[in-house]
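Report on the structure given below.
There are 2 protein chains.
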Amino acid sequence: MDADAIIKALSALAQEHRLAAFRLLVQAGASGLPAGVLAERLGVPNSSLSFHLAQLSHAGLIRQERQGRSLIYSADYAAMNGLIGYLMENCCAGAVCGSDDASSGCAPAISDERKSA
Amino acid sequence: MDADAIIKALSALAQEHRLAAFRLLVQAGASGLPAGVLAERLGVPNSSLSFHLAQLSHAGLIRQERQGRSLIYSADYAAMNGLIGYLMENCCAGAVCGSDDASSGCAPAISDERKSA
DNA sequence: CCTTCATTTCGATATTCGTTGAAATATCGA
DNA sequence: TCGATATTTCAACGAATATCGAAATGAAGG
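If you're matching them up, the sequences are chains A and B in order. Residue 25 in UniProt numbering sits at position 25 of the first sequence, with consecutive numbering throughout. Residue 98 in UniProt numbering sits at position 98 of the second sequence, with consecutive numbering throughout.
In structure tokens:
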């Protein structure tokens, strides 16, 4: 997952309705949710939500599958895994989960490398 | 960290120059980097970078500290930790680090909860 | 075939974002 | 205080984004 894909994914999630939609899809699991249900739960017009789902889809974060006359959307966990992995490696310089307490998680791997800077 | 703060942080990182700047700051560690150095390394005019740094700062992802006539910026690891924590909890439904191999990391905690949906 | 249902695409519009040079602010040294 | 250095703020512009109703597409059932 290169930097460009990361930016696309971050942009896709950086919006109220899209973040909420993605969270619902994650909760829904592999079975996913149809667009209509998503729109109703979010209180957003169908056409608006369709635009947002297209953004998420274009970013590779969700998948579309037709089932009868409904389009079922579901979260792409691999993509999300890739995004989080990138953030941990490149923007967190190390381990978030390695430490036992959550307070010290994200910290620079090298405590002080002023020499190379 | 509430959903609104998360969206602000995601928006802040969802931009080429800002993501690059943040990565540099993470690499730089606690000592941080002055605005000028950042602008030069990114090949962005000072005024443009200042705008981006303000965005990151407003999102709580970086901190500013005056040192002589330079303004030193540094990454706020706690904020980044909060962001990643949120994504893992709310958008990944569980463990990224819990599994041994990276391929299966981000997956729905509940394999199939079609009943409640 | 025609109708109904689910969803997307199309226009049009208001808002926000990214960019930049020029001017303003702040610090330091002589 | 003056001049040099480091950085931000301002003003203006084009580009991208979010929104929504209306029209178009695609599938199912009589």
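Don't be surprised by glycine CBs; every beta carbon is placed ideally from N, CA and C.
* To do: Indicate whether A/L61 and A/A79 have their beta-carbon atoms separated by less than 7 Å.
  => yes
* Determine the direct distance from the alpha carbon of A/G43 to that of A/E16, and round the result to whole angstroms. => 12 Å
* Asked: Name the residues in the stretch 27–41 of chain B whose C-beta lies less than 8 Å from a C-beta of chain A; which are they?
  -> Q27, A28, G29, A30, S31, L33
* So, does the CB of A/S70 fall closer than 7 Å to a CB anywhere in chain B? -> no
* C-alpha distance - B/F51 paired with B/A12, whole-angstrom precision -> 11 Å
* Below 8 Å on the Cβ atoms is my guess for B/L83 versus B/I6; work out the distance and round it to an integer in Å. => 6 Å
* Asked: Would B/A21 count as contacting chain A if we go by Cβ distances under 7 Å?
  -> no
* To do: Look up B/L42 in the DSSP assignment and say whether it is helix, strand or coil.
  => helix
* Asked: CB A/S74 to CB A/R63, shorter than 7 Å?
  -> yes
* Within 7 Å (strictly less), CB to CB, does B/L87 reach chain A? -> yes
* **Cβ-based neighbour list, B/Y86, same chain, cut-off 6 Å, excluding 5 preceding and 5 following** => M1, I6
* **Interface flag, A/M1 vs chain B, CB-CB below 7 Å** => no
* To do: Identify whether A/Q15 lies in helix, strand or coil by the three-state DSSP scheme.
  => coil
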